[in-house]
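Student: Chains as they are written, first to last, in the numbering used here: chain A, 363 to 1156; chain B, 22 to 380. By construction, the Cβ of each residue, glycine as well, lies at the ideal position given by its N, Cα and C atoms. I am attaching a structure below and will ask some questions about it afterwards.
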Amino acid sequence: MRVSFKWLKELVPVDVAPEKLGEMLSMSGTKLESIHRPGNSIGDVVVAEVLAVKDHPKADNLTLVEVDSGDGTRSVVCGARNLAVGDRVPLAQVGARLGEATIAERRIRGEVSQGMLCSGAELGVSRDHSGILVLPSDLALGSDIVAALGLDDAVLEFEITPNRPDCMGIIGIAREVAALLGAKLRVPDAQVGEADVMAAQVEVEIVDPAGCPRYVARYIEGLAVAGSPAWLAARLMTAGVRPISNVVDATNYVLLETGHPLHAFDAARVTDGHIVVRRADQGEELVTLDGSKRSLDPDDLVIADPARPLGMAGVMGGEDSEVSGDTTAVILEAAYFDPPSIGRTSRRHVLRTEASARFERGADPDMPPYAAARALALMAELGGGRPSGAVVDAYPRPIERPRVTLRAERTSTLLGYEVDAASQARHLESIGVGVERAGARLEAGIPSWRPDLRIEEDLIEEVARLAGFDRLPATLPSGVNGGLEPAQALERHLRRTLSGTGMREAWTSPLSSQRDLDALGLGEDHPARKMVVLANPMLEDESSMRTTLLPGLLRAAAHNLAHHTGGVALFEMSRVYEPTGGLPREPLTLGAVWSGTRTPQTWRGPGTKWDFFSAKGVLEATFGAAGVEHAGWSPVSGMPLHPTRAANVSVGGHTAGTLGELHPDVCERFDVARGTVVAELALPALFASPLTRVKAAGLSRFPAVYIDLAVVVGEAIPAATVTLAIQQAGAPEATSVRLFDLYRGEQVTAGRKSLAYALELRSPEGTLTDDDAARVRDRIVDALSHEFGAELRA
Amino acid sequence: MTTGERLDDIEAALEGARSEGLRIIEAAADLGSLAEARTRALGRKAPLARARSGLGGITDPTDRKKLGQLANAVGDELEAALTSKRGGFERAELDARWERERVDVTLPGDAPPVGSLHPLTKTAWEIVDIFIGLGYRVAEGPEIELAKYNFEALNFPEHHPSLSPQETFYIEGHGDEVVLRTHTSPVQIRVMESQAPPVYVVIPGRTYRRDVMDATHLSAFFQLEGLAVDEGITMGDLKGSLGTFAREIFGRDLDVRLRPHYFPFTEPSAELDVQCFVCRGSGCRVCKGEGWIEVLGCGMVHPFLLEWVGYDAARYSGFAFGMGVERIAALAHGVTDIRSFYDNDVRFLAQFATGGGGP
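Quick look at the structure:
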């Protein structure tokens, strides 16, 4: 909402600077966004008249415009083509100032330009760069444009919250200002000349009183449609509205002033002067003022005549009944429409207008007679029209003004400081609330322009904001036992553990699509293909909720590898989304990608690369941190993983996810290096036994015995099976079993491999002797020999 | 030979053994030759041993004692010389060893792989931890949510623009009943439904809006909500709690202010501004000349919500607040485009490997 400071001062005496006023309004709920002083950056721009327009001899897109600014003619080279002889235009004379620029006489493609003609955008009165601003014809030649257009003003732009439709008009802002400054609001008169009440010109029929509780219509004839005078055009431009004609501008002026949208129909285009307010018929069409042909919905409220729809009620008028240069009589509409109905139509047609924005938030149902009279008076003044016929005020369903009780002590209790009943009443009265006070009980009559005031708390807010939020004390409530749940603590612990292994935590978008799964090479019946689908996505690639974290991580990895790094290790802990009959499941999932260099070569030696086993080590460390005692690893094959370098990971006997090299085809599609390793694990598997408080175990006081053991087994026997057998056979003395060498080659038979283990043997009861150690060793060797035909390697 | 002559001879021999022994020891060039010198100066065939052997023939106890003491003194002196000499050699050898073992301490150390937590994670934790300190617990809820919880229970009027498919993602196959939550506020309802007051929770989580992406908007973003419902909660409690939070994040000596605003689910409603921590209020690019930075939206829980969940609105009151974690992180770390948080560029992420919480 743009507010001219000058205009505001006509409605309420203001004795503070615009900046101060803006701050006061901000702190009472009408937030100042900016202050703009359009006149400050303009100097020596004057009103001139176009005498002739000629083509530039050497440039097709330029014209030579001869102008007169009252002290002789000048020739100006101009890029726009919207000028006609006789137009008044802003001329930036040689030496003029426009923002940072100073206008000099210069030669453009061989022709001298003695100044520059300005667009609305260049003067800061509109966003229109396309043509030269054509000024009202009543401006005197040579007059300074800043004064002529009232640009020596401060324009305050406010953010209006959706609960305050009353502040979408300058009277509403002035009412706030009056309350803040303790000043009196002066609402302008709306005197309309004596109407010829004998001639009934307009009939209004409200078929749908729920959609249109009130409709005021006035008739004015004898109009001469023309351009608006400078003062009006300037005021509209300052507020960001383009002047059109005196009749239309009058309605827009009243809109800006009162916040109440009006509409003017060309009376000649309204059959029998008969206005019908009804829902649209199935299949009805209407060409709106913006030139769009719109198919109306039976829920759309329309203004019609007996023959056809004339406009979309409260949203936009129709082209067909628009006021034009030939219009001589107008039916003026000032109505109150049901806010939800207007909101639905506006959204259905994706058409948000100055009118719909106000009606959908709730206009003032008492405003139509006044707003109509204001506009009528202006039209009579500007267009020489004569009001005719009686005021038609169809108000089948008068809107009740609610009464709300405010207990003064409730205000103090909720705000946390004492506000006496008298001040509360005073604050409410300052914004037009009628207050009847019985001790600490305030009966508030809500004014028609405040549809947002419905309950006691609404009134408490009014008191609080008018008293000033700075009066609130700063206190702290007691709280409860603050802290994290065990699963939340574990989640943090895992993130810290993963980042401690050298991985970077990433955050990628949860929005995905089947295309991501195509890139992973997943089959049509892969479980991840069942996605939660958005009904109204913004982008095809973001049309579903992801079922895997890998695509986002792989794109992030590719971005990093392409830009600068030899290697990257990323993890993400986020939700994936699995459709069910009701609300989808949203399990927390760990995704990870490792690619390229893990540690670089240094003066100390060669670097290392991420591979299956360095990645597996990260997961094992993570499991350890999660208190998972045993994770199972078994080969798995299937996209998106390498067929022979991938594992299913199980925790507590349940499959938690997979770890593996990415299939070379998938590497190529995501543009990551071959050998890139990925993992994806469902975290609920790890959270199944949330971390409990660690109970420290006693340490053996006795020294350990360390022995090495190398066994040769068949190639097909998984190392983990051998390790497990050693642990079982070595129990309880074997407290640590570590595989330290894997050998295939000349010294073992083909098809077999040698696994070398370092064992720590220890007893809580005493020092183990060499004989004890030998017995454990024999037990293990026997077991391995028995189970796998293993032989001890010499 | 007279006894006197013999005594003189022995004494001379002992003196000779001393000077000869000292010469031998002094001449040793290293620890090896020092061992040999020891044998030559103190061994069984050394001059001292030979001189000492003459003592056996002396019968006079006084003489024998005197010469015996001299012999011992010579022996001690030679031992001392040996020890001193050995010490010198050992020191030199140690010095040489230290020199051999010298490293260039300026060479780079072995870098363990360095990882990092995401700045949004760190920011969210930082915020959550402040509220944990104020006695809050952490709640979570579904991102794919019933429209009823996302709007209706939160006092959104049926025609509110947020409900429109222009602004909110709806889920296919569920009509207008299931949405991607547009804020974390529905979790307020879920928490209150599941427990009796007092409620003190913070609620971090992903949220979604059909916003076109730019430097300050994302269609999927990260919110953090808070709710306190108890007997006698006042708007002063809101001011005190959120002021504590804002100062802890942005600077302990900064001013904060509440500015009236509007939300359907709070009444009164406010926005919390913190004094610009860059210019301290004088106006700069970060605060767009206002001197204040908008941090979050908040307000007193609307009685409609309390009644919706079945709380006694006459007995309990509360406040709620919500903020964009990206915005807080961007402000706190001087990030100008919140899309950077989702590019996951390691050069960006690596900057957050340090601790660096607090204002």
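So that I know if they touch, is there some Cβ in chain B lying closer than 8 Å to that of Pro524/A?
Tutor: At least one chain B Cβ lies under 8 Å of Pro524/A.
Student: Of all the CB atoms in chain A, is at least one closer than 8 Å to the CB of Gly379/B?
Tutor: Confidence is the limiting factor: at Gly379/B the pLDDT is only 49, short of 50, which leaves the residue's position unreliable and the question unanswerable from this model.
Student: How would you call Thr80/B, buried or exposed, if buried means at least 16 neighbouring beta carbons within 10 angstroms?
Tutor: exposed
Student: Comparing C-alpha positions only, which one of Leu651/A, Pro575/A and Ala630/A sits nearest to Gly724/A?
Tutor: Checked all of Leu651/A, Pro575/A and Ala630/A; the closest Cα to Gly724/A is Pro575/A.
Student: Suppose only complete runs of 4+ residues qualify. What are the alpha helix (DSSP H) ranges in the segment 557-637 of chain A, listed by chain order?
Tutor: Within the segment 557-637 of chain A, the alpha helix (DSSP H) runs of at least 4 residues that lie entirely inside it are, in chain order, 592-600 and 608-620.
Student: Are there 16 or more other CB atoms within 10 angstroms of the CB of Val365/A, so buried, or fewer, so exposed?
Tutor: buried
Student: Following the continuous beta strand (DSSP E) through Ile79/B, name the residue where it begins and the one where it ends.
Tutor: Per DSSP, Ile79/B belongs to no beta strand (DSSP E) and is neither H nor E.
Student: For Ser1012/A, write down the residues that DSSP places opposite it in a beta bridge.
Tutor: Gly994/A and Thr1017/A
Student: Using only alpha-carbon positions, find the residue among Leu1146/A, Ala592/A and Asp1033/A that is nearest to Asp500/A.
Tutor: Minimum Cα-Cα distance from Asp500/A among the listed residues Leu1146/A, Ala592/A and Asp1033/A corresponds to Ala592/A.
Student: Excluding the 5 residues flanking Pro605/A on each side, which residues of the same chain have their C-beta closer than 6 Å to its C-beta?
Tutor: Sequence-distant Cβ neighbours of Pro605/A in its own chain, meaning closer than 6 Å and more than five residues away, are Ser590, Ala595, Leu598 and Asp611.
Student: Do the segment 526-535 of chain A and the segment 409-424 of chain A touch if we need at least three Cβ pairs shorter than 8 Å?
Tutor: no
Student: Are Ile1142/A and Gly1092/A close, meaning C-beta to C-beta below 8 Å?
Tutor: yes
Student: Kindly say whether His925/A, judged by its beta-carbon, lies nearer than 8 Å to any beta-carbon of chain B.
Tutor: yes
Student: Can you look up Phe342/B in the DSSP assignment and give me helix, strand or coil?
Tutor: strand
Student: On the DSSP letters alone, give me the boundaries of the alpha helix (DSSP H) that Thr8/B sits inside.
Tutor: Here chain B covers residues 22 to 380 and nothing more, so residue 8/B does not appear.
Student: Taking 8 Å as the cut-off, decide whether the C-beta atoms of Asp643/A and Pro660/A are in contact.
Tutor: yes
Student: Name, please, each residue of chain B whose Cβ falls closer than 7 Å to the Cβ of Tyr698/A.
Tutor: Within chain B, no residue comes near Tyr698/A; the closest Cβ sits about 16 Å away, beyond 7 Å.
Student: Helix, strand or coil, according to DSSP, for Trp869/A in the structure here?
Tutor: Reduced to three states, the DSSP call for Trp869/A is coil.
Student: Out of Pro178/B, Arg348/B, Leu128/B and Glu166/B, state which residue places its alpha-carbon closest to the alpha-carbon of Arg966/A.
Tutor: Leu128/B
Student: Among residues of its own chain, excluding the 5 on either side of Val799/A, which ones have a beta-carbon nearer than 7 Å to its beta-carbon?
Tutor: Here residue 799/A turns out to be Arg, not Val, going by the sequence shown. Answer for Arg799/A: Ala783 and Ala787, listed in chain order.
Student: Using a Cβ-Cβ cutoff of less than 8 Å, which residues in the same chain neighbour Met678/A once the five nearest sequence positions on both sides are dropped?
Tutor: Thr650, Leu651, Asp652, Leu713, Thr715, Ala717 and Ser718
Student: Check each residue of the segment 262-288 of chain B: if its Cβ is closer than 8 Å to any Cβ of chain A, include it; give the result in chain order.
Tutor: Ser262, Gly264, Thr265, Arg278, Leu279, Arg280, Pro281, His282, Tyr283 and Glu288
Student: Can you list, in chain order, the residues of its chain whose CB lies under 7 Å from that of Trp369/A, leaving out five sequence neighbours each side?
Tutor: Ile532 and Arg597
Student: Measuring CB atoms only, is the segment 259-275 of chain B touching the segment 137-154 of chain B, in the sense that at least three cross pairs come out at less than 8 Å?
Tutor: A contact exists between the segment 259-275 of chain B and the segment 137-154 of chain B.
Student: Who are the Cβ neighbours of Ile704/A in its own chain at under 7 Å, not counting the five residues just before and after it?
Tutor: Scanning its chain for C-beta atoms nearer than 7 Å, with the 5 sequence neighbours on each side dropped, one finds around Ile704/A the residues Gly676, Val677, Ser718, Phe721 and Glu722, in chain order.
Student: Using the C-alpha atoms, what's the distance from Val616/A back to Gly745/A?
Tutor: 15 Å
Student: Quick check: what's the CA-CA separation for Lys66/B versus Glu36/B?
Tutor: 16 Å
Student: How is Gln1090/A classed by DSSP in three states: helix, strand or coil?
Tutor: helix
Student: Below 8 Å between beta carbons: does that hold for Ala1041/A and Thr1020/A?
Tutor: yes
Student: For Arg230/B versus Glu164/B, is the C-beta distance shorter than 8 Å?
Tutor: For the 8 Å CB-CB criterion, Arg230/B and Glu164/B do not form a contact.
Student: Does Gly379/B come out as helix, strand or coil in the three-state DSSP assignment?
Tutor: Per-residue confidence for Gly379/B stands at a pLDDT of 49, beneath the threshold of 50, marking its modelled position as unreliable; the derived number appears in the next sentence. In this structure, Gly379/B counts as coil in the three-state DSSP scheme.
Student: Relative to the C-alpha of Ala241/B, which candidate in Leu28/B, Tyr363/B, Phe325/B and Val124/B has its C-alpha closest?
Tutor: Tyr363/B
Student: Within 10 angstroms of its Cβ, does Ser349/A collect 16 or more other Cβ (buried), or is it exposed?
Tutor: No answer is possible for residue 349/A: it lies beyond the span of chain A, which begins at 363 and ends at 1156.
Student: Excluding the five sequence neighbours on either side, which residues of its own chain have a C-beta within less than 6 Å of the C-beta of Arg691/A, listed in chain order?
Tutor: Note on residue identity: the sequence assigns Ala, not Arg, to residue 691/A. If we look at Ala691/A and ignore the five residues flanking it on each side, its Cβ neighbours are Glu583 and Ala629.
Student: Taking the C-alpha atoms as reference points, what is the distance between Gly261/B and Arg278/B?
Tutor: 10 Å
Student: How close, in whole Å, do the beta carbons of Thr773/A and Glu538/A come, if the pair is a contact with beta carbons under 8 Å?
Tutor: With a Cβ gap of about 20 Å, Thr773/A and Glu538/A do not count as contacting.
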